[in-house]
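Under this note's numbering, the residues of the sequence shown are numbered 776 to 1612, in order. Where is the CB? At the ideal position from N, CA and C, for every residue including glycine. Here the structure comes first, spelled out in structure tokens, and everything after it is commentary.
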Amino acid sequence: MSLSRRHLHTGWTVRAAAGPIPHALAGLTVPATVPGGIHADLLTADLIPDPFHGDNESLLAWIGLVDWTYRTTFAWTPDGNDRHDLVFDGLDTVATIRLNGAVIGEVANQHRSYRYDVTALLRDGTNELEVAFRAPVPYANQASLDLGARPRPYPLPYEAIRKSACSFGWDWGIATYTSGIWKAVHLESWSTARLAQARVVASPEGDGGRVAVDVVLERTDAGGHPAAVRLTVRGPGAEGSAVATLGGREGRVEVELPHVERWWPVGYGDQPLYTVEVSLENDGVVIDATSRRVGFRTVKWNTEPDAAGTPYELHVNDCPVFVKGVNWIPDDALPVRVDRDRYARRLRQAVEANVNLVRVWGGGLYESDDFYELADEMGLLVWQDFLFACAAYPEEEPLRSEIEAEARENIVRLASHASLVQLVGNNENLWGFEEWGWKSSLDGKTWGATYYYELFPAIIAELAPHVPYAPGSPFSPETGWDAASGRQTGPHPNDETRGSVHLWAQWNFRDWATYREHTPRFVAEFGWQAPPAWTTLTGSVDDDPLTPESPGMIVHQKAIDGNKKLTNGLLPHFRVPADMETWHWAMQLNQALAVGAALDHFRSWAPHTMGAIVWQLNDCWPVTSWAAIDGAERVKPLYHAMKRAFTPRVVTVQPRNADLVAVLGNDTDEPWCAVVRLRRMTFGGDVLAETVTDVTVEPRGTLAVPIDTALATARDATGEVLVVDAEGERGFWYFAEPRDSTLGDSGLSVSTRAVLGGTEVSITAAGFARDVSLLADKVHPSAQPEDGLLTLLPGETGRIFVRHGDDILLDADAVADPRVLRSANQLVVGTGTGDAR
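Structure below.
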């Protein structure tokens, strides 16, 4: 008989079982959705307000202190199968599972699945299934007492429970303390054997390729009746199959294909995918089957020391890749609401911003299969952290066994994806051990070192040796661990001359212009804050008056001294505006300028620097944060800065010691032959000095063009700009900060026309117009500009496509409103809704 899988997703209810239960919920049974979570169920039943609105976060903190019990019934009749398994793909987090009153499992890990043989417990007729969750906050607190307190940056001991760390709150995240059956539940019925594991590896070999599948069976027949495993591979220009006979539990089957097409990252080629089907047969009958989609490519990270230190250089199909990356956090603080369509929208936005790699950060989740499948299809490379972040983690039981189990499961689940280019042990824990006072506070207690330096690399070597691994981020490849002395050996983990680094001094206490003091080999984290889109902000905060420090704003600002850092980071560049809307624009613009300048600088140093990963792509709720896309899925100006900095061909002006150079970056496979025109101009449009030169930039190359002193030196720094044009690409250099400049009224005029999918907005500048942007959501909540931060010379016209619903047209007068049509000029001359101060 073939394995049958029946979802158990109907008829569920939930009730509060113990804890500080509000009077309105006492004894109340609530309809529940599975897969789902308690917040979603209570919201659907209109029993709680939106946790993302106002200060509802604190009003709903009781949810994490309450035990919740989910129940359902299902009918079952014996079907002749030998075995019946109850399978939970994911439970959040600590629960007791009962079937027909009998305890079948005690679980405490959100990051893994569970399977129980319930053959002896099933009844012919109605069966009762119960999942009783314990409140995560008191459980974590007790676990911390049992295991011993460890250093961490936030109050609650998320390191003591295997649950998404950021569900306890982060410096951008709401504390939700979720509970629930957050992934699928099903009853699997089978006989003889089933595919317990199928580890698929696709390897290119010359013009062809090989698919190897290592199979592990679970069997009911003690005698080990021979079973056949059939492997079939189909894809562009290739098809093959093979059969292997297994007498025991394990075996391998391989297919060789004489010709395959290579899978490439976006921007480097196409993403052909091949379907791999694995079927288990008994006496010619298929009794179980699974499938994967794979791509043929090679991946390695070059970390061979050179004269400048140690590179951290990704090679795909032996081609060095300049990583244009973004960090990813859970896309909703209630992750059960993130479906394949939402993943697709977010990852498509990344691709449209010229991103080629997404780093899944270690304080969040192993995302669903949809995420990685979409990354395969779009050509987005994936760097996946193991789920450890910014804390010392106990290595004792019961955590150690849970951590090994989750690692094994997720390595197998993810390792076949063409997009996966690295597994990484943790986020910032190696750094924290060295610099954050952990050694004294730990006083000899474990902190996770053996996970990162021993356990994870051993499991990867066993289950997925083709997947590259690094013990942490940041990480210097020569850094190691001496268990006898309890010390890390070799270079500091955050040494910018070696491996990957995180740069946070700029945001925390230095001006963003000082990014240019760093020439790292690879930047895995850096970023700057700004509030969300205006419509997102005002839709989630009811303060009247709304100010940067009004109560709701502070609830939606989680960073320590966040507003102080926003102000201190703005003042070197602009004065602080007096009115709220202009303050909002100033902070959004400064975020974009900060990250854009850093990306231009890092890219200009390629191939010495071979990647930069912006913190962060997305948000999980409406909040002032480092994100480019806010919690309501609206882009911020930072998104446009990333898009421009990551464009395939780019021109920037960079300081090199006391000089200036124009740097051309060519991230394409073709030489870039360009006429480079350099002009020093007044803001009024007068050309004061000019040169023209022909250059050729090699494929995937970088070229620095010296700039003559006559061009690089201003007579009047406050009113001049250096403009570099190269075949449609343009870079600027300003000789003074905007606040010290003579930027005037840019005299913008606007026209609009309807186009497929939205409105094309044409903007013409009478004077010099710096960083012109549309805050189009102020005209209509659905309006999303696809470009921004246009800088126009006097008389020039720029165009921005604004995507929105089909039933509207953006009116030119509405778009021209100075609250919508924004520029850096407004922050200098005070032509906003209020004056700058």
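Nearest to valine 1157 by C-alpha distance, out of Ala1193, Leu1006, Asn1129, is Ala1193. Rounded to whole angstroms, the separation of the alpha carbons of tryptophan 1136 and arginine 858 is 39 Å. Nearest Cα to aspartate 1063 within the set Arg994, Lys1339, Gly1476: Arg994. Contact annotation: aspartate 1286 and glycine 1344 have beta-carbon atoms nearer than 9 Å. Of all alpha-carbon atoms in Phe1297, Gly983, Gln972, the one lying nearest the alpha-carbon of glycine 1026 is that of Gln972.
The residue among Gly794, Thr1517, Phe827, Ala883 with its C-alpha nearest the C-alpha of tryptophan 843 is Gly794.
Per DSSP, the unbroken alpha helix (DSSP H) holding leucine 1345 starts and ends at 1337-1345. The region 816-896 is shown to contain whole alpha helix (DSSP H) runs of 4 or more residues at 831-834, in chain order. Distance from tyrosine 933 to alanine 924 at the Cβ level is roughly 13 Å; contact not present, criterion being Cβ atoms closer than 8 Å.
When the beta-carbon positions are compared, alanine 1003 and valine 1018 come within less than 9 Å of each other.
DSSP places aspartate 1144 inside the alpha helix (DSSP H), whose first and last residues are 1144-1153. For leucine 1518 and asparagine 1600, the gap between their C-alpha atoms comes out near 6 Å. Each of Val1096, Asn1092, Thr848, Tyr889 was checked against the Cα of alanine 1387, and the nearest Cα belongs to Val1096. Under the three-pair Cβ rule at 8 Å, the region 950-964 does not count as touching the region 1405-1419.
In this structure, alanine 1245 places its C-beta atom within 9 Å of the C-beta atom of leucine 1198. With three or more CB-CB distances shorter than 8 Å, the region 1297-1308 counts as touching the region 1387-1407. When DSSP assignments are scanned along the region 1399-1469, the uninterrupted stretches of alpha helix (DSSP H) that are 4 or more residues long and fall wholly within it turn out to be 1412-1420. In the three-state reduction of the DSSP assignment, isoleucine 956 falls in the coil class. By the 16-neighbour rule on beta-carbons within 10 angstroms, alanine 801 is exposed. By the criterion of a C-beta distance shorter than 8 Å, leucine 1584 is surrounded in its chain by Thr1527, Ala1529, Thr1534, once the five residues flanking it on both sides are discounted. Residue pairing for glutamine 1159: DSSP places it in a beta bridge opposite Val1135, Leu1198.
Taking the Cβ atoms as the reference, tryptophan 1401 lies roughly 20 Å from glutamine 1559, outside the contact range of under 8 Å.
Per DSSP, reduced to three states, the secondary structure at threonine 1357 is helical. Per DSSP, aspartate 921 is one residue of the alpha helix (DSSP H) stretching across 911-922. Nearest to serine 1176 by C-alpha distance, out of Thr1225, Arg1037, Leu1032, is Thr1225. When DSSP assignments are scanned along the region 1487-1560, no uninterrupted stretch of alpha helix (DSSP H) that is 4 or more residues long falls wholly within it. Only exposed fits phenylalanine 1284, as fewer than 16 other CB atoms lie within 10 angstroms of its CB. One thing to note: aspartate 1546 has its Cβ within 9 Å of the Cβ of threonine 1566. Put simply, the backbone Cα of valine 1554 is about 9 Å away from that of aspartate 1586. By the criterion of a C-beta distance shorter than 7 Å, glycine 839 is surrounded in its chain by Ala910, Pro911, Val912, Tyr952, once the five residues flanking it on both sides are discounted.
Counting the other CB atoms within 10 Å of its CB gives serine 942 a total of 16 or more, which places it among the buried residues. In the three-state reduction of the DSSP assignment, glutamine 1304 falls in the coil class.
Per DSSP, the continuous beta strand (DSSP E) segment holding proline 1481 begins and ends at 1476-1481. Ranked by Cα distance from glutamate 905, the options Gln1332, Arg873, Asn916 are led by Arg873. In this structure aspartate 860 is in contact with arginine 890, their Cβ atoms being roughly 5 Å apart against a cut-off of 8 Å.
Going by DSSP, arginine 1175 is part of the alpha helix (DSSP H) stretching over 1174-1189.
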